[in-house]
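Line by line, the protein sequences give chains A and B.
Reminder that position 10 of the first sequence reads as 14 in the working numbering, one-by-one numbering, no gaps.
Reminder that position 217 of the second sequence reads as 221 in the working numbering, one-by-one numbering, no gaps.
All C-beta atoms in this analysis are idealised placements derived from N, C-alpha and C, irrespective of residue type, glycine included.
Here the structure comes first, spelled out in structure tokens, and everything after it is commentary.
Protein chains: 2
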Amino acid sequence: MHYRTLTLGLLALAAVLAVFAGLQEPARALDLKAKEYELKNGLKLVVIPDHRAPVVTHMVWYHVGAADEPPGKAGVAHFLEHLMFKGTDKIDPGEFSKIIARNGGQDNAFTSQDATVYHQRVASDRLPLVMKLEADRMRNLKLDDKTVLTERDVVLEERRSRTDNSPSAILSEQMMAALYVSHPYGAPVIGWEHEIKALNLKDAMEFYRQFYAPNNAILIVAGDVTKAQVEKLAKATYGKVKRVDAVKMQPRPQEAPPAAPRRVILKDKRAGKASFSRLYLAPSYNTAKEGEAEAIDLMMKILAGGSTSLMYNDLVVDDKIATSVAGWYESSGRDYGRIGFHALAAGKHSITDVEKALDKKIAKFIKNGPTQKQLERAKNSYIAEYVYGVDSQSTLARRYGWALVVGGTVKDVEEWPKRLEKVTIKDIARVAAKYLVEKASVTGLLFPIEKTKEAHKTTSKKRRKRG
Amino acid sequence: MHYRTLTLGLLALAAVLAVFAGLQEPARALDLKAKEYELKNGLKLVVIPDHRAPVVTHMVWYHVGAADEPPGKAGVAHFLEHLMFKGTDKIDPGEFSKIIARNGGQDNAFTSQDATVYHQRVASDRLPLVMKLEADRMRNLKLDDKTVLTERDVVLEERRSRTDNSPSAILSEQMMAALYVSHPYGAPVIGWEHEIKALNLKDAMEFYRQFYAPNNAILIVAGDVTKAQVEKLAKATYGKVKRVDAVKMQPRPQEAPPAAPRRVILKDKRAGKASFSRLYLAPSYNTAKEGEAEAIDLMMKILAGGSTSLMYNDLVVDDKIATSVAGWYESSGRDYGRIGFHALAAGKHSITDVEKALDKKIAKFIKNGPTQKQLERAKNSYIAEYVYGVDSQSTLARRYGWALVVGGTVKDVEEWPKRLEKVTIKDIARVAAKYLVEKASVTGLLFPIEKTKEAHKTTSKKRRKRG
Numbered sequence: 005m006h007y008r009t010l011t012l013g014l015l016a017l018a019a020v021l022a023v024f025a026g027l028q029e030p031a032r033a034l035d036l037k038a039k040e041y042e043l044k045n046g047l048k049l050v051v052i053p054d055h056r057a058p059v060v061t062h063m064v065w066y067h068v069g070a071a072d073e074p075p076g077k078a079g080v081a082h083f084l085e086h087l088m089f090k091g092t093d094k095i096d097p098g099e100f101s102k103i104i105a106r107n108g109g110q111d112n113a114f115t116s117q118d119a120t121v122y123h124q125r126v127a128s129d130r131l132p133l134v135m136k137l138e139a140d141r142m143r144n145l146k147l148d149d150k151t152v153l154t155e156r157d158v159v160l161e162e163r164r165s166r167t168d169n170s171p172s173a174i175l176s177e178q179m180m181a182a183l184y185v186s187h188p189y190g191a192p193v194i195g196w197e198h199e200i201k202a203l204n205l206k207d208a209m210e211f212y213r214q215f216y217a218p219n220n221a222i223l224i225v226a227g228d229v230t231k232a233q234v235e236k237l238a239k240a241t242y243g244k245v246k247r248v249d250a251v252k253m254q255p256r257p258q259e260a261p262p263a264a265p266r267r268v269i270l271k272d273k274r275a276g277k278a279s280f281s282r283l284y285l286a287p288s289y290n291t292a293k294e295g296e297a298e299a300i301d302l303m304m305k306i307l308a309g310g311s312t313s314l315m316y317n318d319l320v321v322d323d324k325i326a327t328s329v330a331g332w333y334e335s336s337g338r339d340y341g342r343i344g345f346h347a348l349a350a351g352k353h354s355i356t357d358v359e360k361a362l363d364k365k366i367a368k369f370i371k372n373g374p375t376q377k378q379l380e381r382a383k384n385s386y387i388a389e390y391v392y393g394v395d396s397q398s399t400l401a402r403r404y405g406w407a408l409v410v411g412g413t414v415k416d417v418e419e420w421p422k423r424l425e426k427v428t429i430k431d432i433a434r435v436a437a438k439y440l441v442e443k444a445s446v447t448g449l450l451f452p453i454e455k456t457k458e459a460h461k462t463t464s465k466k467r468r469k470r471g
Numbered sequence: 005m006h007y008r009t010l011t012l013g014l015l016a017l018a019a020v021l022a023v024f025a026g027l028q029e030p031a032r033a034l035d036l037k038a039k040e041y042e043l044k045n046g047l048k049l050v051v052i053p054d055h056r057a058p059v060v061t062h063m064v065w066y067h068v069g070a071a072d073e074p075p076g077k078a079g080v081a082h083f084l085e086h087l088m089f090k091g092t093d094k095i096d097p098g099e100f101s102k103i104i105a106r107n108g109g110q111d112n113a114f115t116s117q118d119a120t121v122y123h124q125r126v127a128s129d130r131l132p133l134v135m136k137l138e139a140d141r142m143r144n145l146k147l148d149d150k151t152v153l154t155e156r157d158v159v160l161e162e163r164r165s166r167t168d169n170s171p172s173a174i175l176s177e178q179m180m181a182a183l184y185v186s187h188p189y190g191a192p193v194i195g196w197e198h199e200i201k202a203l204n205l206k207d208a209m210e211f212y213r214q215f216y217a218p219n220n221a222i223l224i225v226a227g228d229v230t231k232a233q234v235e236k237l238a239k240a241t242y243g244k245v246k247r248v249d250a251v252k253m254q255p256r257p258q259e260a261p262p263a264a265p266r267r268v269i270l271k272d273k274r275a276g277k278a279s280f281s282r283l284y285l286a287p288s289y290n291t292a293k294e295g296e297a298e299a300i301d302l303m304m305k306i307l308a309g310g311s312t313s314l315m316y317n318d319l320v321v322d323d324k325i326a327t328s329v330a331g332w333y334e335s336s337g338r339d340y341g342r343i344g345f346h347a348l349a350a351g352k353h354s355i356t357d358v359e360k361a362l363d364k365k366i367a368k369f370i371k372n373g374p375t376q377k378q379l380e381r382a383k384n385s386y387i388a389e390y391v392y393g394v395d396s397q398s399t400l401a402r403r404y405g406w407a408l409v410v411g412g413t414v415k416d417v418e419e420w421p422k423r424l425e426k427v428t429i430k431d432i433a434r435v436a437a438k439y440l441v442e443k444a445s446v447t448g449l450l451f452p453i454e455k456t457k458e459a460h461k462t463t464s465k466k467r468r469k470r471g
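See the structure below:
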């Protein structure tokens, strides 16, 4: 389990360090501990009282995502997420978000490989309204062919604009497909175009009826409320939704041990600059051996996390081979994670030069590991980020959501800093040697081309969020 | 639809040409036409009377293969094929093949992505016995945990010896996974090791009960019998097997249009010599537009079919860049085919030299197409092969099997030479430009390494036949 924000936190580094310098202030916020409860129908409740402002963040996390789609229906989880805004017997199509907005709130939703999430931020006194609305659409969604077909065009347009018009998105989609050979993480969350085109009312409703149920969801409420208040409201709203007996998840095929490195090469006239990308198959927090995910997180911070990292220092500052280099660990999956690098060549240097330099740096790091000082700095940076994250109610709620939706616990979330503290330089050298392995890698090269005879009727790719 | 032997026929070229030279003789055999019939329970019968010798070839083709396996159960189709020799109420475990042998016959079975096939060759007077035995195991298979677990070890050993001990087999398995991103053809027929290890009695029996049924099979009998005799025998044996109402095939996800070329690089100390491989995604006879598959077949014969081909002539004979180069079109799939090339470097030339030369040759061929003379020679060669194939009862039976099991017809098989005749040099240039496309390709490079630090606990790969 993990807090997605950590992996996305590279850009926030400067801000985080600033907060860390004045640690006394936000440290108080660490007292914001989650309280759990379970309704009779199986809905799990997590309440994080946070009385700093009279607002609440309300999130429903369904334990179902793109990786649970039936074969040939890639995209149905995300498609259904769109359709969830189409109304019920009580709410007219499109009214959901308008009601939230009229009440001064904001709402949105997103789909990932493992979860589909609906969330609102409102003044605390509007929480009963939000809970009533969200509980209503948990089982009472009303759809017809026309609505479904119109929304399908919206999704197709979303795919075109976010993936098919972006060479780097196409490449990333193809790299994911090459990295996850058997596991459904290899298919894009938004779906392949040809499969989206074939989705219909029946597909959406079957997915909905099967997986949208109180016993397949977690309700997370962070904000100016007490556990007792949320419990009472939840009983009166979600509590009335019947448990679905047969929430039957499709088994997910697991990967065979990687046998050979793969390369994906995309030449595209729309590409701005040649770029280098690398992915390594890795476990996630949910599947890693004890302490390994924490060690990978720290390794990636040291190696390629921002402009103080070893790789940035060598490739960008000292050797001037690259104009940028970044690395990350995507660690929130139920089944797998991945380690990634991305770099752009500087001056006359080719992408091959960049790749060679990066591989040399990785080999050196595997051999030597980090220094104690580098490790301490990485730990401090993450812990500051953790503390800092508490300042955002949304970040706080999402931490618990990401962890719990793939099988983690409240304790996993709250003891993460402690587990991070335990990681040693030896642990890091060990995960470097174990996971930064050529055989388990996919390399992606993107080249701009001046002109091409092909029409580039490309397909493809990627993570999306409801627009 | 197609006759597998064609794609495997490269080696037989010399023999075929010899036969072609004396065409009058085997041409007579072209009169061997198939006759069809369907039992009430849905079993399709194809009888090919062939009275040249008092023997029959008896084959049952089930419309189910590795591409129909449930997610995470890769290998169960092939595993079940092994288990089919384990006995019924009437036949003791292991007795099936012994009975056939005692009666002077031979039997075997094989599993492909689209079909599972059981076949025997016996004296014609033993046909009633064979039909009784095969009809019995269509629904009455008896298995227990012990038998299943023992056989699983046999399959695991088969995988180890044929795939995991062979770098080229591992590479080929990885290339298939890279070529078929969404479609189940990307998983090896024998299964991934970790999934084979988890197969059990329940998996095998569920697959058996669901897919082994008269209404999901084709019976092909070629040999010294009449249609009336086979019909009568079939009614008395297979005719007593009940139709299974719910033969429900899992939908197979189709591929998105390929977006970028992929490369798989395997370095292995067990590899003998560096080799170059290339695959292109292509339609099969079953899915190609009219005439396209025939054109691809002819194109590959001209381009890389044996030692008279253009590529052999250029790369091996003239330029001495390669010591061998071969190409083929795998065309028998229900959903997709693929075009393949394989080459070894000569002398001081590197695999990169070979790749460049091959790509140059392909580009030139796309531009210029074949000459009329080259096309005629390729047609004559295939038609000779087709005629020659009739001399083998097994080849004859398999032709119909491969075509019919993926949805083709008897007419498709018998009119193939006519359709081949219609292909023009323009058709060939068109399919070359359409399918020999970088974007749709996977390149595989195999390099021997002197020593390696890694233990090479590789996984992987490939087509297999019951041992």
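> Is there contact between the segment 257–265 of chain B and the segment 266–284 of chain A, where contact requires at least three CB pairs shorter than 8 Å?
Replying inline: yes
> Does the beta carbon of residue 198 of chain B sit closer than 8 Å to a beta carbon anywhere in chain A?
Replying inline: yes
>> Pull the bridge partners of residue 126 of chain B from the DSSP assignment, please.
In response: B:60
>> Strictly under 8 Å for the Cβ-Cβ distance: is residue 132 of chain A near chain B by that measure?
In response: no
> Whole-angstrom Cβ separation of residue 135 of chain A and residue 237 of chain A, contact assumed at under 8 Å?
Replying inline: 5 Å
> Roughly how many whole angstroms lie between the Cα atoms of residue 523 of chain A and residue 300 of chain A?
Replying inline: Given that chain A is displayed from residue 5 to residue 471, the structure contains no residue 523 of chain A and the question cannot be resolved.
>> For chain B, check one thing: does any of its Cβ atoms lie closer than 8 Å to the Cβ of residue 214 of chain A?
In response: no
>> Counting only Cβ pairs nearer than 8 Å, list the residues of chain A close to residue 121 of chain B.
In response: Going along chain A, no residue has its Cβ under 8 Å from residue 121 of chain B, so there is no contact; the nearest lies around 24 Å.
> For residue 231 of chain A, which option in A:328, A:101, A:38 has the closest C-alpha, if you only look at C-alpha atoms?
Replying inline: A:38
>> Would residue 163 of chain A and residue 194 of chain A qualify as a contact pair, given that the criterion is a beta-carbon distance under 8 Å?
In response: yes
> If you count every other CB in all the chains shown that lies within 10 Å of the CB of residue 123 of chain A, and 16 or more means buried, which is it?
Replying inline: buried
>> Quick test of your reading: residue 87 of chain B and residue 147 of chain B, contact by CB under 8 Å. State the CB separation rounded to the nearest angstrom.
In response: 6 Å
> DSSP three-state call for residue 241 of chain B: helix, strand or coil?
Replying inline: coil
>> Give me the residue from A:70, A:363, A:403, A:409 with the minimum Cα distance to residue 256 of chain A.
In response: A:70
> Using a C-beta to C-beta distance shorter than 7 Å, which residues of chain A count as neighbours of residue 394 of chain B?
Replying inline: Ordered by position in chain A, no residue passes the 7 Å Cβ test against residue 394 of chain B, which lies about 40 Å from the chain.
> For the alpha helix (DSSP H) that residue 356 of chain B lies in, which residues bound it at each end?
Replying inline: 355–372
>> Need the endpoints of the beta strand (DSSP E) that residue 111 of chain A sits in, please.
In response: It spans 110–115 - the beta strand (DSSP E) in which residue 111 of chain A sits, taken as one unbroken run.
>> Counting only C-beta atoms, is residue 160 of chain B closer than 8 Å to chain A at any point?
In response: no
>> So the candidates are B:139, B:187, B:197; which of them puts its Cα closest to the Cα of residue 165 of chain B?
In response: B:197
> Going along chain A in order, which residues have a C-beta closer than 8 Å to the C-beta of residue 436 of chain B?
Replying inline: Contact of residue 436 of chain B with chain A by beta-carbon distance below 8 Å is absent, the smallest such distance being about 14 Å.
> At least one CB of chain A closer than 8 Å to the CB of residue 268 of chain B: is that the case?
Replying inline: yes
> Just to confirm, are residue 43 of chain B and residue 226 of chain B a CB contact at a threshold of 8 Å?
Replying inline: no
> In terms of residues, what are the limits of the beta strand (DSSP E) holding residue 298 of chain B?
Replying inline: Counting along the chain, residue 298 of chain B falls outside any beta strand (DSSP E), though it belongs to the alpha helix (DSSP H) covering 296–308.
>> Please report the distance separating the alpha-carbon of residue 345 of chain B from that of residue 331 of chain B.
In response: 4 Å
>> Using the three-state DSSP reduction, which class does residue 393 of chain B fall into: helix, strand or coil?
In response: Of the three classes helix, strand and coil, the one that applies to residue 393 of chain B here is helix, per DSSP.
> Going by C-alpha distance, which of B:283, B:397, B:276 is nearest residue 170 of chain B?
Replying inline: Nearest of B:283, B:397, B:276 to residue 170 of chain B, Cα basis: B:276.
>> Excluding the 5 residues flanking residue 99 of chain A on each side, which residues of the same chain have their C-beta closer than 8 Å to its C-beta?
In response: 91
> Which residues in chain B sit within 9 Å of residue 256 of chain A, going by Cβ to Cβ distance?
Replying inline: 75, 76
>> Let's see if you can read the secondary structure: which residues bound the alpha helix (DSSP H) around residue 226 of chain B?
In response: Counting along the chain, residue 226 of chain B falls outside any alpha helix (DSSP H), though it belongs to the beta strand (DSSP E) covering 221–227.
>> Residues in the same chain with beta-carbon distance under 7 Å from residue 350 of chain B, minus the five sequence neighbours each way, listed in chain order, please.
In response: 324, 325, 326, 327
> From residue 390 of chain A to residue 339 of chain A, what distance separates their C-alpha atoms?
Replying inline: 24 Å
> For residue 321 of chain B, which residues in chain A fall below 9 Å Cβ to Cβ?
Replying inline: Within chain A, no residue comes near residue 321 of chain B; the closest Cβ sits about 31 Å away, beyond 9 Å.
> residue 453 of chain A to residue 278 of chain A, Cα distance in whole Å?
Replying inline: 9 Å
> On the three-state DSSP scale, how would you describe residue 145 of chain A?
Replying inline: strand
>> Quick check on the burial criterion: 16 or more other C-beta atoms within 10 angstroms. Buried or exposed for residue 241 of chain A?
In response: Classification for residue 241 of chain A: buried.
>> Since residue 404 of chain B and residue 50 of chain B should fall inside the 8 Å C-beta cutoff, what is the C-beta to C-beta distance between them, to a whole number of angstroms?
In response: 5 Å
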